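**Student:** Okay, here's the structure, questions in a sec.
2 protein chains.
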Amino acid sequence: MGRWEPDARGRMIKAALDLFAERGFEQTTAGDIAESAGVTERTFFRHFADKREVLFDGSATLERTACEAIRSAPAGLPPLDAALAGMAAGGDLLQERREHAVRRSLIVAATPALKERELLKLASMTEATTEALRERGAPQRDAALAAHSAVTVFSVAFVHWVSTPDAPGFAACVAETAAALRALM
Amino acid sequence: MGRWEPDARGRMIKAALDLFAERGFEQTTAGDIAESAGVTERTFFRHFADKREVLFDGSATLERTACEAIRSAPAGLPPLDAALAGMAAGGDLLQERREHAVRRSLIVAATPALKERELLKLASMTEATTEALRERGAPQRDAALAAHSAVTVFSVAFVHWVSTPDAPGFAACVAETAAALRALM
DNA sequence: CCTGACGATGACAGTGACTGACATCAACAA
DNA sequence: TTGTTGATGTCAGTCACTGTCATCGTCAGG
Chain A
1 MGRWEPDARG RMIKAALDLF AERGFEQTTA GDIAESAGVT ERTFFRHFAD
51 KREVLFDGSA TLERTACEAI RSAPAGLPPL DAALAGMAAG GDLLQERREH
101 AVRRSLIVAA TPALKERELL KLASMTEATT EALRERGAPQ RDAALAAHSA
151 VTVFSVAFVH WVSTPDAPGF AACVAETAAA LRALM
Chain H
1001 MGRWEPDARG RMIKAALDLF AERGFEQTTA GDIAESAGVT ERTFFRHFAD
1051 KREVLFDGSA TLERTACEAI RSAPAGLPPL DAALAGMAAG GDLLQERREH
1101 AVRRSLIVAA TPALKERELL KLASMTEATT EALRERGAPQ RDAALAAHSA
1151 VTVFSVAFVH WVSTPDAPGF AACVAETAAA LRALM
């Protein structure tokens, strides 16, 4: 055990979520979050590259989970289907902490600066997905298009999943949304 | 005529592009840009909401152009095709200033903070496109999916158009990319 | 038990992005 | 002639973020 209370990182994440929900993102300083978590502002910036990142701690895990699912999908599966399997796997992760995901999404939706960061994370997921599809043999452009489409489905499905109180599983939302997309083409 | 040299805004945009290309975005302060354009830093922030915005002056026009094209598309055209027509119209705008578009895209691609802002602009274009498609009678989810798909095509086509020296027209890139997307489904 | 490397944190000064408030001054209208 | 307007300058202030050095439990080696 260290000299200080353990899990400073977790405390900062929780404090940030609470404060952002109460006063809003802009009205909360990094110092406020740090103080509320019992650390200094400097420590906050040692854990998070910037003030926004404190709300995106799980995004790397989400991306990794999705990519692993894609890599372990049957070799014969077409790129888009493989990518969608990845999105469904990522969705399972959110499903395990639905309440947190919903609360967080409300804050993000209310703050342009956070929306912007979320888009960057989605773009990162798109790039990672593209790479995973390339490893399966898809040509660059097909991989990019399938990845973009899958992430689109993920986003649209997420909005539906969040706004539906008694939601079916996230995977079901993905399947439904994917079907609608195919119908449009 | 005012008390000062005219077109302060245009001078700042040009100065920013030059300085970002020379030293990079982070190594250039807002004060540097202002000084180089012969104004004060305060004036810079009166014209641009933040340092990034100076590189996104044309995005509102691009969005408006695309939406107008969608609204004036034949009523019977399916949502995706109408949206793609909008993207092609937007592409024509870039085509008129290809050199500027390419130079700018290099800077944006090299700077995560600018990439992030670009994603926000694309998201805005997606939302506007969704709304335009809804006005044509498309249900919400179909409109959102078609808009996302069209903007995806726009992005992928743009990368190809930029990286191809003797490019065919932007509209041709859009058509080609759209065909590839349809083939994936 | 002593000791030195290690790792997480605190303390503090500094830069730069951005904002609010007020002053200035050419152009233009009454 | 005078009052208004609009774009700008000036200046002080907050806050995001960084570099640097000091601190002090922990743990391995002696």
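In the order they appear, the protein sequences are chains A and H.
Numbering-wise, our numbering puts 101 at position 101 of the first sequence, and it's gapless, one number per residue.
Positions in the second sequence are counted from 1; adding 1000 to them yields our numbering.
Don't be surprised by glycine CBs; every beta carbon is placed ideally from N, CA and C.
Values in this document were obtained by computation on a predicted structure and should not be read as measured data.
In terms of residues, what are the limits of the alpha helix (DSSP H) holding Asp1032(H)?
**Tutor:** Here residue 1032(H) is taken as the residue at index 32 of the second sequence, counted from 1. Here the alpha helix (DSSP H) through Asp1032(H) covers 1030-1037.
**Student:** I'd like to know whether the C-beta atoms of Ala1150(H) and Leu1084(H) end up nearer to each other than 8 Å.
**Tutor:** Here residue 1150(H) refers to the residue found at position 150 of the second sequence. Here residue 1084(H) refers to the residue found at position 84 of the second sequence. Note that the C-beta distance between Ala1150(H) and Leu1084(H) is below 8 Å.
**Student:** Tell me whether the segment 1001-1018 of chain H and the segment 163-173 of chain A touch, counting them as touching only if at least three CB pairs, one residue from each stretch, are closer than 8 Å.
**Tutor:** no
**Student:** Check each candidate in Gly1137(H), Pro1079(H), Phe1020(H), Ser1163(H) and name the one with the smallest Cα separation from Ile1107(H).
**Tutor:** As a position in the second sequence, residue 1107(H) is number 107, starting the count at 1. Per the Cα distances, Phe1020(H).
**Student:** With a Cβ-Cβ cutoff of 8 Å, do Ala1089(H) and Thr1065(H) count as a contact?
**Tutor:** Position 89 of the second sequence, counted from the first residue, corresponds to residue 1089(H). Position 65 of the second sequence, counted from the first residue, corresponds to residue 1065(H). Cβ distance < 8 Å, so Ala1089(H) and Thr1065(H) count as in contact.
**Student:** Which stretch, first to last residue, makes up the alpha helix (DSSP H) that contains Ala1075(H)?
**Tutor:** Position 75 of the second sequence, counting from 1, holds the residue named residue 1075(H). Run containing Ala1075(H): none; DSSP gives neither H nor E here.
**Student:** Count the C-beta pairs between the segment 1116-1129 of chain H and the segment 112-125 of chain A that are closer than 8 Å, then say yes if the count reaches three, no if not.
**Tutor:** yes
**Student:** Going along the segment 1103-1117 of chain H in order, which residues come within less than 8 Å of chain A, judged by CB to CB distance?
**Tutor:** Pro1112, Lys1115, Glu1116, Arg1117
**Student:** Excluding the 5 residues preceding and the 5 following Glu1131(H) in the sequence, name in chain order all residues of the same chain whose CB lies nearer than 6 Å to its CB.
**Tutor:** Within the second sequence, the letter at position 131 stands for residue 1131(H). Same-chain partners within the cutoff: there are none.
**Student:** Under 7 Å between beta-carbons, which chain A residues line up against Pro1079(H)? List them in chain order, please.
**Tutor:** As a working mapping, residue 1079(H) is identified with position 79 in the second sequence. At a C-beta separation below 7 Å, Pro1079(H) has these neighbours in chain A: Leu184.
**Student:** Rounded to the nearest angstrom, what separates Ala1101(H) and Gln1027(H) at their Cα positions?
**Tutor:** Stepping through the second sequence from its first residue, residue 1101(H) is reached at position 101. Stepping through the second sequence from its first residue, residue 1027(H) is reached at position 27. Their Cα atoms are separated by approximately 22 Å.
**Student:** Using a Cβ-Cβ cut-off of less than 7 Å, list which residues of the segment 130-145 of chain A approach chain H; keep chain order.
**Tutor:** Arg141, Asp142, Ala144, Leu145
**Student:** Which bits of chain A does Ala1180(H) rub up against, with CB to CB less than 8 Å?
**Tutor:** For the purposes of this step, residue 1180(H) is identified with residue 180 of the second sequence, where counting begins at 1. By Cβ distance, chain A contributes Arg141, Asp142, Leu145.
**Student:** Taking the alpha carbon of Leu1133(H) as the reference point, which residue from Pro1074(H), Arg1046(H), Val1159(H), Val1054(H) has its own alpha carbon closest?
**Tutor:** Counting from one through the second sequence, the residue named residue 1133(H) turns up at place 133. Comparing Cα-Cα distances from Leu1133(H) to each of Pro1074(H), Arg1046(H), Val1159(H), Val1054(H), the minimum goes to Pro1074(H).
**Student:** Which word fits Asp1092(H), buried or exposed, when buried means at least 16 other C-beta atoms lie within 10 angstroms of its C-beta?
**Tutor:** Your numbering for residue 1092(H) matches position 92 in the second sequence. Counting every other CB atom within 10 Å of its CB across the protein chains shown gives Asp1092(H) a total below 16, marking it as exposed.
**Student:** Leaving aside the five residues before and after Ala1034(H) along the sequence, list all residues of the same chain whose C-beta is less than 6 Å from its C-beta, in chain order.
**Tutor:** The residue given as residue 1034(H) occupies position 34 in the second sequence. Only residues of its own chain outside the window of five on either side were considered, and among them Thr1040, Glu1041, Phe1044 have a CB closer than 6 Å to the CB of Ala1034(H), listed in chain order.
**Student:** Compare the Cα-Cα distances from Met1185(H) to each of Asp142(A), Val156(A), Cys67(A), His160(A) and report the closest residue.
**Tutor:** Translated into positions along the second sequence, residue 1185(H) becomes position 185. With distances taken between Cα atoms, Met1185(H) lies closest to Asp142(A).
**Student:** Return the CA-CA distance between Arg104(A) and Cys1067(H), expressed in angstroms with no decimal places.
**Tutor:** Locating residue 104(A) in the first sequence gives position 104, counting from the first residue. Locating residue 1067(H) in the second sequence gives position 67, counting from the first residue. For Arg104(A) and Cys1067(H), the distance between alpha carbons rounds to 31 Å.
**Student:** Ser1163(H) to Met87(A), Cα distance in whole Å?
**Tutor:** Stepping through the second sequence from its first residue, residue 1163(H) is reached at position 163. Stepping through the first sequence from its first residue, residue 87(A) is reached at position 87. Going by the C-alpha atoms only, they are around 30 Å apart.
**Student:** Just reading off the alpha helix (DSSP H) that Thr1126(H) is part of, what are its end residues?
**Tutor:** In the second sequence, counting from the first residue as 1, residue 1126(H) sits at position 126. Counting along the chain, the alpha helix (DSSP H) containing Thr1126(H) begins and ends at 1112-1135.
**Student:** Mind checking which residues open and close the alpha helix (DSSP H) that includes Glu96(A)?
**Tutor:** In the first sequence, residue 96(A) corresponds to position 96, counting from 1. Premise fails: Glu96(A) is in no alpha helix (DSSP H) and is neither H nor E.
**Student:** What does the Cβ neighbour count give for Ser155(A), buried or exposed, with the cut at 16 atoms within 10 Å?
**Tutor:** Position 155 of the first sequence, counting from 1, holds the residue named residue 155(A). By the neighbour-count rule (16 or more Cβ atoms within 10 Å), Ser155(A) is buried.
**Student:** So with Cβ pairs under 8 Å, would you call Ser149(A) a contact of chain H?
**Tutor:** Numbered from its first residue, the first sequence carries residue 149(A) at position 149. Contacts with chain H at 8 Å (Cβ-Cβ) include Ser149(A).
**Student:** Kindly indicate the opening and closing residues of the alpha helix (DSSP H) around Gln1140(H).
**Tutor:** Locating residue 1140(H) in the second sequence gives position 140, counting from the first residue. Start and end: 1140-1163.
**Student:** Go ahead and label Glu1063(H) buried or exposed: buried means 16 or more other beta carbons lie within 10 angstroms of its beta carbon, across all protein chains shown.
**Tutor:** As a first step, residue 1063(H) must be located in the second sequence, where it is residue number 63. The residue in question, Glu1063(H), is buried, as its Cβ has 16 or more Cβ neighbours within 10 Å.
**Student:** Mind checking Thr29(A): buried by the 16 CB within 10 Å criterion, or exposed?
**Tutor:** Numbered from 1 along the first sequence, position 29 holds the residue referred to as residue 29(A). Answer is exposed; the Cβ neighbour count stays below 16.
**Student:** Which residues in the same chain as Thr177(A) place their Cβ atom closer than 6 Å to its Cβ, once the five residues preceding and following it in sequence are excluded?
**Tutor:** In the first sequence, the residue the question calls residue 177(A) occupies position 177. Excluding residues within five positions, the ones whose Cβ falls inside 6 Å are Val153, Val156, Ala157.
**Student:** Could you tell me the alpha carbon to alpha carbon distance between Lys1115(H) and Arg1097(H), rounded to whole angstroms?
**Tutor:** To locate residue 1115(H), count along the second sequence from 1; it is residue 115. To locate residue 1097(H), count along the second sequence from 1; it is residue 97. Rounded to the nearest angstrom, the two C-alpha atoms are 20 Å apart.
**Student:** Excluding the 5 residues preceding and the 5 following Asp1032(H) in the sequence, name in chain order all residues of the same chain whose CB lies nearer than 7 Å to its CB.
**Tutor:** One-based indexing of the second sequence puts residue 1032(H) at position 32. The answer, listed in chain order, is Leu1019.
**Student:** Expressed to the nearest angstrom, what Euclidean distance is found between the alpha-carbon atoms of Ala1180(H) and Leu145(A)?
**Tutor:** Here residue 1180(H) is taken as the residue at index 180 of the second sequence, counted from 1. Here residue 145(A) is taken as the residue at index 145 of the first sequence, counted from 1. In a straight line, the C-alpha of Ala1180(H) is about 8 Å away from that of Leu145(A).
**Student:** Find out if the Cβ-Cβ distance for the pair Glu5(A), Gly38(A) is shorter than 8 Å.
**Tutor:** As a position in the first sequence, residue 5(A) is number 5, starting the count at 1. As a position in the first sequence, residue 38(A) is number 38, starting the count at 1. Cβ atoms of Glu5(A) and Gly38(A): closer than 8 Å.
**Student:** Quick one: does Val174(A) have its CB under 8 Å from some CB of chain H?
**Tutor:** The count along the first sequence starts at 1 and reaches residue 174(A) at position 174. Judged by the 8 Å Cβ criterion, Val174(A) is not in contact with chain H.
**Student:** Counting only beta-carbon separations shorter than 8 Å, does Val1162(H) have a partner in chain A?
**Tutor:** For the purposes of this step, residue 1162(H) is identified with residue 162 of the second sequence, where counting begins at 1. False, the Cβ-Cβ gap to chain A never drops below 8 Å.
**Student:** Mind pulling the chain A residues with CB within less than 8 Å of Thr1152(H)?
**Tutor:** Residue 1152(H) sits at position 152 when you count from the first residue of the second sequence. The answer, in chain order, is Leu145, His148, Ser149, Thr152.
**Student:** On the CB-based measure, 16 or more other CB atoms within 10 Å of its CB, does Pro139(A) come out buried or exposed?
**Tutor:** Your numbering for residue 139(A) matches position 139 in the first sequence. Classification of Pro139(A): exposed, given that the 10 Å Cβ count is below 16.
**Student:** Can you say whether Ala128(A) is buried or exposed, counting buried as having 16 or more other CB atoms within 10 angstroms of its CB?
**Tutor:** Position 128 of the first sequence, counting from 1, holds the residue named residue 128(A). It counts as buried.
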